[in-house]
Every structure is written in structure tokens, then in C-alpha cells.
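**Student:** Submitted below is the structure of interest, expressed as C-alpha cells.
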Amino acid sequence: MILNNYVLAQAVDMFMDLLKILIIARIFLTLIIRDLRNPLLNFIYRITEPILAPFRNLINKLGISTGMFDFSPLLAFLFLDLVSGFIMRLLY
Numbered sequence: 008m009i010l011n012n013y014v015l016a017q018a019v020d021m022f023m024d025l026l027k028i029l030i031i032a033r034i035f036l037t038l039i040i041r042d043l044r045n046p047l048l049n050f051i052y053r054i055t056e057p058i059l060a061p062f063r064n065l066i067n068k069l070g071i072s073t074g075m076f077d078f079s080p081l082l083a084f085l086f087l088d089l090v091s092g093f094i095m096r097l098l099y
């Protein structure tokens, strides 16, 4: 049972790290590539948009003016860390 929890915890941790890497890649690639027809950027957008959109909507609903900066990746990072920590506590 302990080994199964360890393997599951490692898988969850790797998945969360992968999501964070994709979000960081999206941030940097949007500075370089503006064309969503690019297959790499399109793939990253399709993976990360369901994670970032709720935080972007929350910022807009709260009426927080962020100018040209998008703080949804920062909120997504915090959320992913909270979820990851919660899952780790459940498994151990």
C-alpha cells in the first residue's frame, strides 16, 4: 500500500510539474510567436487554456485592472501547488 501511494504521489507530482512547464512555455512562446496556427503553440494553448481561463475570468469579475499583464499563470501556479499539497497529504 505504501509503495502504491508513493508511485501515485510521484505521478501526481510529475503531472503538476508538467503543467507548470507548459504554462511557463506558453508565457515565453507568446512573446515570440503570435500565430496560433503554429502547431506547438496551438498544442500548448489547448492544454493550458482550461487551467488559465477560470483565473482570468476571476480577475475580470473582481474588476482588477492588470493592464497588459496576465496574472492568471501566477494564480494557476498557486492553485496547482495547493492541489498538489492537498493530494500529497491525502496519500501520506
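Residues 8 to 99 (the working numbering) are what the sequence shown spells out, left to right.
Even for Gly, the Cβ is constructed at its ideal location relative to N, Cα and C.
Do the region 21-28 and the region 36-44 make contact, defined as three or more Cβ pairs closer than 8 Å?
**Tutor:** Cβ pair count under 8 Å is below three, so no.
**Student:** Three or more C-beta pairs closer than 8 Å, one from the region 52-65 and one from the region 77-94: is that the case here?
**Tutor:** The region 52-65 vs the region 77-94: in contact.
**Student:** Classify T73: buried if its beta carbon has 16 or more other beta carbons within 10 angstroms, exposed otherwise.
**Tutor:** Residue mapping note: residue 73 aligns to position 66 of the sequence shown, counting from 1. Exposed, because fewer than 16 other Cβ atoms sit within 10 Å of the Cβ of T73.
**Student:** According to DSSP, is G92 part of a helix, a strand, or is it coil?
**Tutor:** Locating residue 92 in the sequence shown gives position 85, where the first residue counts as 1. G92 falls in the helix class under three-state DSSP.
**Student:** By how many angstroms is the C-alpha of I51 removed from the C-alpha of Y13?
**Tutor:** As a first step, residue 13 is located in the sequence shown; it is residue number 6 there, counting from the start. As a first step, residue 51 is located in the sequence shown; it is residue number 44 there, counting from the start. Going from the Cα of Y13 to the Cα of I51 covers about 29 Å.
**Student:** For R96, count neighbouring Cβ atoms within 10 angstroms of its own Cβ and tell me buried if that reaches 16, exposed if not.
**Tutor:** Reading the sequence shown from its first residue, position 89 is the one you call residue 96. Answer is exposed; the Cβ neighbour count stays below 16.
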